[in-house]
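Visitor:
4 protein chains.
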Amino acid sequence: MNLNFASDNTGPVAAPIMDALNAANAGAAMPYGNDPWMPGVRDAIRAAFRWPEAEVLLVATGTGANALALAGLIEPWESVICHRIAHVEEDECGAPEFYTGGAKLVLADGEGGKMTPDTLRAALARTGTKGVHGVQRGALSLTNVTEAGTVYSLAEIGALQETAREAGLALHLDGARFANACAALGCGAAELADGFDVVSFGGTKNGCMAVEAIVLRDPAKHWEMQLRRKRAAQLWSKHRYLAVQMAAYLEGDLWLANARAANAAGQRLAAGLRTLGAELVWEPEANMIFARLDRAAHGRARSEAEYYLMDDVERPLCRLVCDFTKTDAEVDRLLELFRG
Amino acid sequence: MNLNFASDNTGPVAAPIMDALNAANAGAAMPYGNDPWMPGVRDAIRAAFRWPEAEVLLVATGTGANALALAGLIEPWESVICHRIAHVEEDECGAPEFYTGGAKLVLADGEGGKMTPDTLRAALARTGTKGVHGVQRGALSLTNVTEAGTVYSLAEIGALQETAREAGLALHLDGARFANACAALGCGAAELADGFDVVSFGGTKNGCMAVEAIVLRDPAKHWEMQLRRKRAAQLWSKHRYLAVQMAAYLEGDLWLANARAANAAGQRLAAGLRTLGAELVWEPEANMIFARLDRAAHGRARSEAEYYLMDDVERPLCRLVCDFTKTDAEVDRLLELFRG
Amino acid sequence: MNLNFASDNTGPVAAPIMDALNAANAGAAMPYGNDPWMPGVRDAIRAAFRWPEAEVLLVATGTGANALALAGLIEPWESVICHRIAHVEEDECGAPEFYTGGAKLVLADGEGGKMTPDTLRAALARTGTKGVHGVQRGALSLTNVTEAGTVYSLAEIGALQETAREAGLALHLDGARFANACAALGCGAAELADGFDVVSFGGTKNGCMAVEAIVLRDPAKHWEMQLRRKRAAQLWSKHRYLAVQMAAYLEGDLWLANARAANAAGQRLAAGLRTLGAELVWEPEANMIFARLDRAAHGRARSEAEYYLMDDVERPLCRLVCDFTKTDAEVDRLLELFRG
Amino acid sequence: MNLNFASDNTGPVAAPIMDALNAANAGAAMPYGNDPWMPGVRDAIRAAFRWPEAEVLLVATGTGANALALAGLIEPWESVICHRIAHVEEDECGAPEFYTGGAKLVLADGEGGKMTPDTLRAALARTGTKGVHGVQRGALSLTNVTEAGTVYSLAEIGALQETAREAGLALHLDGARFANACAALGCGAAELADGFDVVSFGGTKNGCMAVEAIVLRDPAKHWEMQLRRKRAAQLWSKHRYLAVQMAAYLEGDLWLANARAANAAGQRLAAGLRTLGAELVWEPEANMIFARLDRAAHGRARSEAEYYLMDDVERPLCRLVCDFTKTDAEVDRLLELFRG
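Chains as they are written, first to last, in my numbering: chain A, 1 to 340; chain B, 1001 to 1340; chain C, 2001 to 2340; chain D, 3001 to 3340.
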């Protein structure tokens, strides 16, 4: 058994998606988004999001989707409010700053990777209050599933959206784990996307090879975003291989099925960890768990399994992520190793 | 028959590369270039280029490879000399300017998409001559196969490199059709790469799905380039699917075999066009042909075949590109249509 | 006699402007443009330009005025068409690229530093014709007086504006020597500014210490431009010292009087040079002359006078510029030195 | 009496500096830093800082000095650690992000505008710890006098420098009020500059019209910085008018005398405020005071005096700044108004 809980990006491509790639690999197809699959992708997302005028741009990386989405929402002299541990702040090597032309990320606090209307207001108080001298308010970027493995409820999102709208912010959702959030909340794409202007709808972590959709609720900036994507070197020539991934991912709600499988594995793992007396530092609501176990437990587990340690204290914190392929046997073997 | 001569990026993925993608699609693999295939890719390129210390970064688009390569070679206040019709100038929507932080492309003239030492010197005379007031000299970027379908000989490249070195320029090769150039010149990768600092080694146009290698002869900037790639949102999480494409492409010199097939189809097409009395505006030395035919010929051909017209005069100019899959039957059918 | 013909930026500050600086130097004044002089400056420019809604931003350098003006007119993926020898292309070390976020300057040809509708159309044919792949059309930037010392007539400007408007370009005038152009054409500011969207109205070369006005015909982008100016570090805290320069410069049309003096000196010099048999490579229509004289003449002159040589051939080309302080005696002494 | 305590940038130009501007206003001088005053400026700063190889670049704004200084120290994918209320973070509309190409400011906490080795270490723990995924460590930027009106002791600076050096950071001092810090500490320029790589040595707030010196201890990047200054549109053509300001400012330690006067006024004001029962939120150690007084006191004072209120609570916080011209009478009148 290859026990890999390092990330949901260590997994393979789901069979239906790989089948679609193989099936599309015949003859010629026009490049740069003019392939015959792309209109269907757009229509499927319009239907799933219940955004009848939405436009969709596909790129290969989540960082690309986020950075392009934000660049389209704000000016270089504006700011993006995000959580202190947001992926756009911590894990993209400054791609948002690069793509936006040097906008500022303003950090909001909050337990478990979740900001609240209060911490959002505190961040708002630090931006856009100094006239011409300070960077201006621009957008709010939320992540769901959060980087802490927690999930914003629809009501929590609604409250944050309301606060943001009052302050004139545009609204972006980093949905690298959009599917896992829907699965956790028991809702559909339309409910989770509701109220946002732009969604980064992730595929890669949930069974695709490399595809993320930038979904624009309002089509007004579609041409600008196409130019931004090309200029950012994110426009594929053999674009059909992006489009068919996304088509297969949407087909029959594979995205939701995969996410349910990943979350189920995550919940099984979380339950087992609790039994072992591990400290779950945040409530694991989807497929990602942050847990403290003693060194000996990690020593046993890491002899066989791959995952990241986040610190080096007496009971080191680890991150464990289940992708859609994780079996009960794999989860149980990891728990067995921890138990010793 | 799906007659598509629009570009070599309209073709499918070569079977050995698709096989490799399927074979790699099992179990977990560490992300971000830490997959088990990448060291072999690097070693194969070191061997093929005879650059024993080279470092290799994979990205999914040719524009990404070029823009990153140039950004690593020059400062924002420096310039890149390239041919007036170079891809970096005409077809990347300003990606080099974006990635470099606003460097200037200085355009060199020359017949058939090829600059000469004289036209290079003329471009040099327009850059770096105004002290602090002007943009400074930075790099030379050559393309081989050129955007006109011609091929620089090794001697021509050597002469340009010498002129550039005397002027203190760094040297970049846009090798989107590197393989086709080698096939046309009857040389290996090492001969074509010789003398350059960084090569964009193309895969996508020649049978890969989406992969280009940035090859750094000198490893000193490897870490900087990794940061640049991440920040540019070009670092894949499921990186194995880039690596295995490139591995299969290099294996048994598939890259060269594909290019030979594409060039052979191109040469068959060129010969046939000459027989028809078409005007070949530049000498087609690889797999891309620019030809003038009368409107009636285009009318017949375009009822069945796809390709681009470049103008709308009495004898419109068309671009015809053969990828590695083009059969004699397809070429002959196109010629038949032209002939009427 | 300190014979300095190197540039009109080697001259001193005109007495009325220095007087105004001294007069303003008492007590406190609110910073950042909130000084009591700025409203008058705006109103004087509105009146002079006959642009009743114009907004005005002051900065200290001509490069700053140009780069900010262009950044406000175009997007990073758009282009600015300018003459091949334009200041924005040759003498600003890439400031337009920096301020615009990497836009491209597209170069138009034309004798004597002047493009024509035909050469403008040729430049247009090279930009905005490749869909998403190429940089888009953005703005036209003209310079009057040109960098060759020639002057566009109002009719020539009108024809270029018409061509540009048809192509959807925004219109910028680099008016570093706006005053000298008005003096040469015998027109007022309103006639020269007519038809442009944004004018860089120069003061520094024509008797100010360091002040240029960015004049926006349409006030819609005033706030954006204020943010851009601040972010570009071009907003003065002790702004009164910019405002009073410009106020004094506008007062009683000092700007025009200074320019007439400079042009008169330039014309006297040009006439003398013709008498000497110097080759005036372009028709000197204002205060700047490009002339070829033999080495011996330059040897004599440069023992006493300062000016720039542009090449090192048998009859070297020199640039001679007269600022508003040049006396007949200085001009005649320079001619005497040339004559030998 | 024009009671203006809004900022030290509302004041006039000191007489010796205005005299120098007038004296320099005769005849021609070569532009762009080639004036006869600049070498003396450089030598005077070398002597004052005891940095024998230092190079000096003059610009007109403090934001320009800071943004250029930081851009020369770090890469776009690196970070600058600064205090949460630093001018570079709060009051430059993102100029550091613009000039650096999108670097990230990482915020350190600390009472009274001062970070400590502990809060610096906390900021370090948030940057450069995520391999290729996070922005890298770059520089530390300190401000002295701080934006809270407090002053770092030399020992406090030394401790922060040591922590920063251990972490590999370059060291920048925002010295917009460098002179006031020296006056408060009773030290010379050399003591305050010691240990930094680049200092923004401010003139504008302390009696100049508009001049700040970027002082590079190590001359290696002098040429790069000259290119950056030009490209940023911060290079003056009539540069003599920057140089003579700085020359007069350095002459006979005018900078120190002005600062002592400003600080003395500030201290008189602080003492008076304490007598009145105002709450001084931070210890005012130089010429800037943050005080809480009741609404009635502000009502009386603001009928006659100008200064900024920072909030609108029951006892509003105000900022009061004394420039070098503030007289005892002005300070006492303001106190009288507060007292009622």
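Glycine included, each C-beta is placed from N, C-alpha and C at the ideal position.
1) Please tell me whether residue 190 of chain A and residue 286 of chain A are closer than 8 Å, where the distance is taken between their beta carbons.
2) Considering only their Cβ atoms, is the gap separating residue 269 of chain A from residue 320 of chain A smaller than 8 Å?
3) Taking 8 Å as the CB-CB limit, is residue 338 of chain A close to chain B?
4) Taking the straight line between their C-alpha atoms, what separation do you get for residue 3075 of chain D and residue 3224 of chain D?
5) If you run the structure through DSSP and keep just helix, strand and coil, what is residue 1080 of chain B?
6) Could you give the DSSP three-state label for residue 2319 of chain C: helix, strand or coil?
7) At a CB distance below 9 Å, what residues from the stretch 48 to 80 of chain A approach chain B? Give them in sequence order.
8) For the putative contact between residue 1062 of chain B and residue 1176 of chain B, defined by C-beta atoms under 8 Å, what is the C-beta separation to the nearest angstrom?
9) Check this for me: beta carbons of residue 3024 of chain D and residue 3292 of chain D, under 8 Å apart or not?
10) Please work out which residues of its chain come closer than 6 Å, Cβ to Cβ, to residue 1261 of chain B, disregarding the five sequence neighbours upstream and downstream, and give them in chain order.
11) Go through the stretch 2244 to 2325 of chain C residue by residue and report every complete run of the alpha helix (DSSP H) that reaches 4 residues or more, in order.
12) Rounded to whole angstroms, what's the CA-CA distance from residue 233 of chain A to residue 2111 of chain C? Just pull it up for me.
13) What number of angstroms, rounded off, separates the C-alpha of residue 1028 of chain B from the C-alpha of residue 5 of chain A?
14) Under 8 Å: do the stretch 3040 to 3056 of chain D and the stretch 3193 to 3209 of chain D share three or more Cβ pairs, one atom per stretch?
15) Near residue 1303 of chain B, which residues of its chain fall below 8 Å by C-beta distance, leaving aside the five closest residues on each side in sequence?
16) Determine the chain A residues that contact residue 3091 of chain D at a beta-carbon separation under 7 Å, and present them in chain order.
17) How many angstroms separate the CA atom of residue 256 of chain A from the CA atom of residue 1035 of chain B?
18) Identify the continuous alpha helix (DSSP H) that holds residue 3121 of chain D and give its terminal residues.
19) Would you list the residues sitting across from residue 1175 of chain B in a DSSP beta bridge?
20) Residues in the stretch 3208 to 3239 of chain D with C-beta within 8 Å of chain C's C-beta atoms, listed in sequence order?
21) Could you give the distance in angstroms between the alpha-carbon of residue 1002 of chain B and the alpha-carbon of residue 11 of chain A?
22) Secondary structure at residue 64 of chain A, three-state DSSP: helix, strand or coil?
23) Tell me whether the beta-carbon of residue 3198 of chain D lies closer than 8 Å to the beta-carbon of residue 3047 of chain D.
24) When DSSP labels each residue in this structure, what does residue 2009 of chain C get in the three-state scheme?
25) For the pair the stretch 2126 to 2140 of chain C and the stretch 2096 to 2112 of chain C, tell me if three or more CB-CB distances fall below 8 Å.
26) Alpha helix (DSSP H) containing residue 230 of chain A: first to last residue?
27) What number of angstroms, rounded off, separates the C-alpha of residue 2013 of chain C from the C-alpha of residue 2207 of chain C?
28) Any beta carbon from chain B within less than 8 Å of residue 3101 of chain D's own beta carbon?
29) Would DSSP call residue 3143 of chain D helix, strand or coil?
30) Using alpha carbons as the reference points, say which of A:167, A:121, A:290, A:15 lies closest to residue 146 of chain A.
31) Pull the bridge partners of residue 2137 of chain C from the DSSP assignment, please.
32) Considering only the alpha carbon of each residue, which of B:1237, B:1202, B:1315 lies closest to residue 1250 of chain B?
33) What residues of chain A sit near residue 3104 of chain D, judged by a beta carbon separation below 8 Å?
34) With DSSP run on the structure shown, which of helix, strand or coil describes residue 3053 of chain D?
35) In the DSSP assignment, find the alpha helix (DSSP H) that holds residue 3088 of chain D and state where it starts and stops.
36) Using a Cβ-Cβ cut-off of 8 Å, state whether residue 3036 of chain D counts as contacting chain C.
Guide: Judging by the given coordinates:
1) No.
2) A contact, by the Cβ cut-off of 8 Å.
3) Among the CB atoms of chain B, none fall inside 8 Å of the CB of residue 338 of chain A.
4) The C-alpha of residue 3075 of chain D lies about 13 Å from the C-alpha of residue 3224 of chain D.
5) DSSP places residue 1080 of chain B in strand when its eight states are reduced to three.
6) Of the three classes helix, strand and coil, the one that applies to residue 2319 of chain C here is strand, per DSSP.
7) Under the 9 Å Cβ criterion, the stretch 48 to 80 of chain A contributes 59, 60, 61, 62, 63, 64, 65, 66, 67, 68.
8) That belief holds up - the Cβ atoms of residue 1062 of chain B and residue 1176 of chain B are roughly 5 Å apart, short of 8 Å.
9) For residue 3024 of chain D and residue 3292 of chain D, no; Cβs fall outside 8 Å.
10) Within the same chain, 1324 come within 6 Å of residue 1261 of chain B by CB-CB distance, once the 5 residues on both sides are set aside.
11) With a minimum length of 4 residues, the continuous alpha helix (DSSP H) runs that stay inside the stretch 2244 to 2325 of chain C are 2254 to 2275, 2295 to 2302.
12) Roughly 38 Å separates the two Cα atoms.
13) Computed Cα separation, rounded: 9 Å.
14) Contact holds: three or more Cβ-Cβ distances are below 8 Å.
15) The beta carbon of residue 1303 of chain B sits closer than 8 Å to the beta carbons of 1337 from its chain, once the five residues preceding and following it are set aside; these are given in chain order.
16) Those are 130, 133, 134, listed as they occur along chain A.
17) Residue 1035 of chain B has its alpha-carbon roughly 27 Å from the corresponding atom of residue 256 of chain A.
18) Here the alpha helix (DSSP H) through residue 3121 of chain D covers 3117 to 3124.
19) Listed as beta-bridge partners of residue 1175 of chain B by DSSP are B:1201.
20) Listed by position along the chain: 3209, 3210, 3227, 3230, 3231, 3232, 3233, 3234, 3235, 3236, 3237, 3238.
21) Looking at the two C-alpha atoms, the distance is approximately 36 Å.
22) In this structure, residue 64 of chain A counts as helix in the three-state DSSP scheme.
23) Taking a C-beta distance under 8 Å as the contact criterion, residue 3198 of chain D and residue 3047 of chain D do not qualify as a contact pair.
24) In this structure, residue 2009 of chain C counts as coil in the three-state DSSP scheme.
25) The stretch 2126 to 2140 of chain C is in contact with the stretch 2096 to 2112 of chain C.
26) Where residue 230 of chain A is concerned, the enclosing alpha helix (DSSP H) stretches over 222 to 231.
27) If you take the alpha carbons of residue 2013 of chain C and residue 2207 of chain C, they lie about 5 Å apart.
28) Residue 3101 of chain D counts as touching chain B.
29) It is a strand residue.
30) Here the closest residue by C-alpha is A:290.
31) DSSP lists C:2079 as partners of residue 2137 of chain C.
32) Comparing Cα positions, the closest option is B:1202.
33) Residues of chain A whose Cβ lies closer than 8 Å to the Cβ of residue 3104 of chain D are, in chain order, 94, 97, 105.
34) Note: residue 3053 of chain D maps to coil in three-state DSSP.
35) Residue 3088 of chain D -> alpha helix (DSSP H) spans 3087 to 3090.
36) Not closer than 8 Å to any Cβ of chain C, the Cβ of residue 3036 of chain D fails to qualify, so no.
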